[in-house]
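Numbering (our numbering), first residue to last: 10 to 212.
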């Protein structure tokens, strides 16, 4: 995405963050997250390059390192599986390919959906994709029918299709439960309520 155009002031330049996730033992150290900033040292004077007062005001920065890229190295293998914050929750996922039910990090729910999908068999994936496509087509048909003034005449047909779709969702939910997927993830994946899934589990 272009953030800087010819003629724009340099104050419009966006800060760059480089995040490196490594699964090999890069360097030696007792931590699993390392942070680095850009520092410029004089070859002769050995002094660090600094911003002057006007530049600090112009860029809203206190030092050169605030303008140039920052670097993060995440050594997944060094993580001890104790998630103390939301960043740790993501590292736990990267290391174990699993998300605990109590994780709340931003975007983690989407990762849960992906994991639930990946746990399905190939046949179940095809069935899911078919249902998604069928539902997309149905929504498109409903919108067209509504626009053409035919919405009322198709109500009975839609109701029948919705019943069929519900039964198919219940079947997929049952298969996911057999594979050990949690009720919470089954609900998010199929759109069924927790109560509906608990009823399926009882049966």
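Even for Gly, the Cβ is constructed at its ideal location relative to N, Cα and C.
Handout entry: Three-state class that DSSP yields for residue 92 in the structure shown
Key = coil
Using only the alpha-carbon positions, how far apart do residue 198 and residue 126 sit? Linking residue 198 to residue 126 through their CA atoms gives a straight-line distance of about 8 Å.
TODO: Reducing DSSP to helix, strand and coil, say where residue 79 ends up.
DONE: Three-state DSSP puts residue 79 in a strand.
To which residues of the same chain is residue 32 closer than 7 Å at the C-beta, ignoring the five residues directly before and after it?
85 and 86
- prompt: Nearest-angstrom Cα distance between residue 29 and residue 72?
  reply: It is roughly 24 Å from the alpha-carbon of residue 29 to the alpha-carbon of residue 72.
| task | Hey, could you find the ends of the alpha helix (DSSP H) residue 28 is sitting in? | result | Here residue 28 belongs to no alpha helix (DSSP H); instead the beta strand (DSSP E) covers 26-31.
When the distance is taken between beta carbons, is residue 110 closer than 8 Å to residue 191?
yes
For residue 26 versus residue 79, is the C-beta distance shorter than 8 Å?
yes
Identified DSSP bridge partners for residue 43:
Paired residues: 82.
Exercise for review: If I'm right that residue 209 touches residue 179 with Cβ under 8 Å, what's the distance once you round it to whole angstroms?
Suggested key: 6 Å
*asked:* Pop quiz: residue 184 and residue 142 are said to be a contact at Cβ under 8 Å. What is the actual Cβ separation, rounded to whole angstroms?
replied: Their Cβ separation, rounded to whole angstroms, is 19 Å, which puts residue 184 and residue 142 out of contact at 8 Å.
(Q) On the DSSP bridge list, what partners appear for residue 50? (A) DSSP lists 57 as partners of residue 50.
Between residue 188 and the rest of its own chain, which residues show a CB-CB distance below 7 Å, the 5 nearest in sequence each way excluded?
-> 128
Determine the closest residue to residue 43 out of 65, 53 and 82, with distance taken between C-alpha atoms.
-> 82
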